[in-house]
Amino acid sequence: MPWVQVYSAANALEAHSLKGMLGSQGIEVMLKGESLSSAAGELPPDIVAVTLWVDALQESKARQALEAYEVQSETVWYCSHCQEENGGSFEVCWQCNTPHDET
Ligand SMILES: [Zn+2]
1 MPWVQVYSAA NALEAHSLKG MLGSQGIEVM LKGESLSSAA GELPPDIVAV TLWVDALQES
61 KARQALEAYE VQSETVWYCS HCQEENGGSF EVCWQCNTPH DET
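For the sequence shown, position 71 (counting from the first letter as 1) is numbered 71 according to the UniProt record's numbering, and the numbering increases by one without interruption.
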């Protein structure tokens with residue numbers, strides 16, 4: 001089966017965390033773009049976009065998982081204790097440590 005690109009990560013760190021996330025769901029991921037940057041040796045790896053590729057058979061499953069990831073990271077919540085705005089990836093308030101569950 002051919003490989004299809006499902007995501008373009010902002011940097012290598014994000015690409016690797018997404019690869020781990022998809023891998024835990026049984027989706028095999030191939031990263032492209034990384035080797036290019038390290039071979040050039042001039043660009044800092046964190047400004048080079050890294051693309052995620054999956055087997056075409058797993059494309060829809062991968063897209064679903066990535067969509068859920070994006071929604072989660074974009075959804076903000078407000079702390080019930082200090083009213084601070086927190087990103088969806090935070091499980092506790094970054095300001096006062098109140099768990100999200102208690103809000
Ligand atoms: Zn708080």
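Glycine is no exception: its CB is placed at the ideal position from the N, C-alpha and C atoms.
- Task: Could you tell me whether any non-hydrogen atom of ligand 1 is closer than 8 Å to the CB of N97?
- Result: The answer is yes for N97.
- Under 8 Å from any heavy atom of ligand 1, does the C-beta of E84 make it? For E84, the distance from the CB to the nearest heavy atom of ligand 1 is below 8 Å.
- Item | Alpha carbon of Q58 to alpha carbon of C82, nearest angstrom | So the two alpha carbons sit approximately 43 Å from each other.
- Task: Could you name the residues that DSSP lists as bridge partners for W3?
- Result: In the DSSP output, where bridge partners are listed per residue, W3 has D55.
- Message: Considering just the uninterrupted stretch of the alpha helix (DSSP H) at E14, what are its terminal residues?
- Response: Start and end: 12-23.
- Exposure label - L18; buried when at least 16 CB within 10 Å: Label assigned to L18: buried.
- For L52 versus Q5, is the C-beta spacing smaller than 9 Å? Cβ atoms of L52 and Q5: closer than 9 Å.
- Item | Integer-rounded CB distance, given that P99 should sit under 8 Å from A56 | Rounded, the Cβ-Cβ distance is 40 Å, inconsistent with contact.
- Item | G23 versus V29 - alpha carbon distance | Each residue's alpha carbon lies about 7 Å from the other.
- Which whole runs of the alpha helix (DSSP H) in the UniProt domain "RanBP2-type" (77-96) are 4 residues long or more, in chain order? None, since the UniProt domain "RanBP2-type" (77-96) contains no complete alpha helix (DSSP H) of that length.
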